[in-house]
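**Student:**
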Ligand SMILES: Nc1nc2c(ncn2[C@@H]2O[C@H](COP(=O)(O)OP(=O)(O)OP(=O)(O)O)[C@@H](O)[C@H]2O)c(=O)[nH]1
Ligand SMILES: [Mg+2]
């Protein structure tokens, strides 16, 4: 079922003339999975800063959806657990459908401070940014536990290198989007890796990005295993990179190993001609480097060919995903 039209239903306390008026409609979307403890207070806090609050309930088995609705949110239900990335896609599609001028995505577990919303929204309203990222690391340490900070920095470094776009916090779930970003961002990652995928998409689509410092609270114990989460996102970043830039991931290292192998091989031959002794260990190393190098180059060429071949199909898939998301899930007030 679709969200009921784009009439300016206002469940927030921000004063605006709505979608049809001069002031852009500001909509907040909250991806939510089993957050009954926090979702009510998060909706109430967010409501003060936006015109409309959507909660994307992703098959929660607790009372999240009911609490969100009674706190005044419109609840879009996926009807099952499709993942955080799927919820972000729904949020972007619903924001577009509602005619939002700005869409804010904020976590449901109270880790973000709703009072930061106006600072995230402002660069979009000013036309300075299409995507504003609330960064936990822009203004020095702000209470993020060290082990998390280290993990997040690794993911950010990998995403920065992979996407070619530098951010200080690639994994932040607190973001604001312009209507242009809502239209242009076609994402496919279903899990938490969607934040990294977005950085690749931002670079590809030429969207303007701004980062603003945010406060976060880590009073609660982590719900997910940080190592598993990190490995999962990192492996998805590698997959994204291998599909988008096969020559960077496989071609360049492959060529370097091949050259290294040849250099070693030439050394072995030189020594043999001088001493008539075969350096067997070095020779095996050279052969191994050449083999791995050839495999890397082969993988790069194959992936590049696949990329070219699939480009048309990929674009069709993105368009159909967009249409499917436009249908959305069940929605209730
Ligand atoms: N829609 C949807 N939302 C999810 C899913 N998993 C997590 N979320 C929401 O996404 C936000 C971030 O998820 P968290 O599990 O808090 O991730 P995190 O903040 O990196 O990890 P913690 O430090 O453990 O809180 C929260 O609002 C969650 O409710 C999911 O499968 N689907
Ligand atoms: Mg959290």
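Residue numbers (our numbering): 1425 to 1757.
Each residue gets a CB set at the ideal place from its N, CA and C atoms; glycine is no exception.
Would the C-beta of residue 1373 count as close to ligand 1, meaning under 6 Å from any of its heavy atoms?
**Tutor:** Residue 1373 lies beyond the residue range present for the chain, which begins at 1425 and ends at 1757; the question has no answer from this structure.
**Student:** Which residue or residues does DSSP assign as beta-bridge partners of residue 1481?
**Tutor:** Working through the chain shown from its first residue, we reach residue 1481 at position 57. 1456 and 1501, per the DSSP bridge assignment.
**Student:** What does the Cβ neighbour count give for residue 1550, buried or exposed, with the cut at 16 atoms within 10 Å?
**Tutor:** Taking the first residue of the chain shown as position 1, residue 1550 is located at position 126. Per the 10 Å Cβ criterion, exposed.
**Student:** Where does residue 1569 land, buried or exposed, given buried means 16+ other C-beta within 10 angstroms?
**Tutor:** Here residue 1569 refers to the residue found at position 145 of the chain shown. With fewer than 16 other Cβ atoms within 10 Å, it is exposed.
**Student:** Verify the contact flag: residue 1535, CB atom, against every heavy atom of ligand 2, threshold strictly below 6 Å.
**Tutor:** Numbered from its first residue, the chain shown carries residue 1535 at position 111. Because some heavy atom of ligand 2 lies under 6 Å away, the Cβ of residue 1535 counts as near it: yes.
**Student:** From what residue to what residue does the beta strand (DSSP E) around residue 1559 run?
**Tutor:** For this step, residue 1559 is matched to residue 135 along the chain shown. Segment 1555-1559, the beta strand (DSSP E) holding residue 1559.
**Student:** Pop quiz: residue 1600 and residue 1545 are said to be a contact at Cβ under 8 Å. What is the actual Cβ separation, rounded to whole angstroms?
**Tutor:** Along the chain shown, one-based indexing puts residue 1600 at 176. Along the chain shown, one-based indexing puts residue 1545 at 121. Confirmed, about 5 Å.
**Student:** Kindly indicate the opening and closing residues of the alpha helix (DSSP H) around residue 1571.
**Tutor:** Counting from 1 along the chain shown, the entry for residue 1571 is found at position 147. That run of the alpha helix (DSSP H) goes 1570-1587.
**Student:** Rounded to a whole number of angstroms, what is the C-alpha to C-alpha distance between residue 1620 and residue 1595?
**Tutor:** In the chain shown, the residue the question calls residue 1620 occupies position 196. In the chain shown, the residue the question calls residue 1595 occupies position 171. Approximately 7 Å, taken between the alpha carbons.
**Student:** So what does residue 1601 bridge to, in DSSP terms?
**Tutor:** By one-based count along the chain shown, residue 1601 stands at place 177. Beta-bridge pairing links residue 1601 to 1527 and 1555.
**Student:** Select from 1612, 1560 and 1586 the residue whose C-alpha is nearest the C-alpha of residue 1574.
**Tutor:** Numbered from 1 along the chain shown, position 150 holds the residue referred to as residue 1574. Cα-wise, what sits closest to residue 1574 is 1560.
**Student:** Please report the distance separating the alpha-carbon of residue 1522 from that of residue 1721.
**Tutor:** As a working mapping, residue 1522 is identified with position 98 in the chain shown. As a working mapping, residue 1721 is identified with position 297 in the chain shown. Near 47 Å, if we compare the C-alpha coordinates of residue 1721 and residue 1522.
**Student:** State the start and end residues of the unbroken beta strand (DSSP E) segment that holds residue 1637.
**Tutor:** Numbered from its first residue, the chain shown carries residue 1637 at position 213. 1633-1637 is the span of the beta strand (DSSP E), which, as asked, contains residue 1637.
**Student:** If you count every other CB in all the chains shown that lies within 10 Å of the CB of residue 1427, and 16 or more means buried, which is it?
**Tutor:** Taking the chain shown and counting its residues from 1, the one referred to as residue 1427 is at position 3. With a pLDDT of 35 at residue 1427, under the threshold of 50, the predicted position of this residue should be treated as unreliable, and no value is reported.
**Student:** Sorted by chain position, which residues of the same chain lie with C-beta nearer than 7 Å to residue 1555's C-beta, five sequence neighbours on each side aside?
**Tutor:** One-based indexing of the chain shown puts residue 1555 at position 131. Correct list, in chain order: 1599, 1601, 1605, 1626, 1631 and 1633.
**Student:** Flag residue 1531 as yes when its Cβ comes closer than 6 Å to any non-hydrogen atom of ligand 3, and as no otherwise.
**Tutor:** As far as ligands go, the structure on display features ligand 1 and ligand 2 and does not contain ligand 3.
**Student:** In the DSSP assignment, find the alpha helix (DSSP H) that holds residue 1448 and state where it starts and stops.
**Tutor:** Residue numbering aside, residue 1448 sits at position 24 when the chain shown is read from its first letter. Note, residue 1448: premise wrong, no alpha helix (DSSP H); not H, not E.
**Student:** Would you say the beta carbon of residue 1482 is closer than 6 Å to some non-hydrogen atom of ligand 1?
**Tutor:** For the purposes of this step, residue 1482 is identified with residue 58 of the chain shown, where counting begins at 1. Indeed, a heavy atom of ligand 1 lies less than 6 Å from the Cβ.
**Student:** With DSSP as the reference, please indicate the residues paired to residue 1640 in a beta bridge.
**Tutor:** Start at 1 with the first residue of the chain shown, and residue 1640 comes out as number 216. For residue 1640, which the question treats as bridged, DSSP gives the partners 1536.
**Student:** Is any heavy atom in ligand 1 found nearer than 6 Å to the beta carbon of residue 1573?
**Tutor:** Taking the first residue of the chain shown as 1, we reach residue 1573 at position 149. Every heavy atom of ligand 1 is 6 Å or more from the Cβ of residue 1573, so no.
**Student:** Mind checking whether residue 1389 and residue 1504 have CB atoms under 7 Å apart?
**Tutor:** A question about residue 1389 goes unanswered here, because the residues of the chain that appear run from 1425 up to 1757.
**Student:** For residue 1458, which residues in the same chain have their Cβ closer than 8 Å to its Cβ, ignoring the five residues on either side in sequence?
**Tutor:** Stepping through the chain shown from its first residue, residue 1458 is reached at position 34. Counting only Cβ-Cβ distances below 8 Å, and skipping sequence neighbours, we find 1484, 1485, 1486 and 1488.
**Student:** Does the beta-carbon of residue 1622 have 16 or more other beta-carbons within 10 angstroms, so that it is buried, or is it exposed?
**Tutor:** If you number the chain shown from 1, residue 1622 lands on position 198. That one is buried.
**Student:** Which residues mark the beginning and the end of the alpha helix (DSSP H) in which residue 1653 is found?
**Tutor:** Taking the first residue of the chain shown as 1, we reach residue 1653 at position 229. Taken as a continuous stretch (DSSP letters only), the alpha helix (DSSP H) holding residue 1653 covers 1650-1668.
**Student:** Could you tell me which of 1535, 1662, 1690 and 1696 sits nearest to residue 1461, measuring between CA atoms?
**Tutor:** Counted from its first residue, the chain shown places residue 1461 at position 37. Cα-wise, what sits closest to residue 1461 is 1535.
**Student:** Tell me whether residue 1690 is buried or exposed, calling it buried when 16 or more other Cβ atoms sit within 10 Å of its Cβ.
**Tutor:** To locate residue 1690, count along the chain shown from 1; it is residue 266. Residue 1690 is exposed by the Cβ-count criterion.
**Student:** When DSSP builds the beta bridges, which residues end up paired with residue 1476?
**Tutor:** Within the chain shown, residue 1476 is the residue found at index 52, counting from 1. Looking at the DSSP assignment, residue 1476 forms a beta bridge with 1451.
**Student:** Within 10 Å of its beta-carbon, does residue 1712 have 16 or more other beta-carbons around it, so buried, or fewer, so exposed?
**Tutor:** Position 288 of the chain shown, counted from the start, is the residue given in the question as residue 1712. Flag for residue 1712 reads exposed.
**Student:** Can you check whether the C-beta of residue 1585 is within less than 7 Å of a C-beta belonging to chain B?
**Tutor:** Note that chain B does not occur in the displayed structure, where there is just one protein chain.
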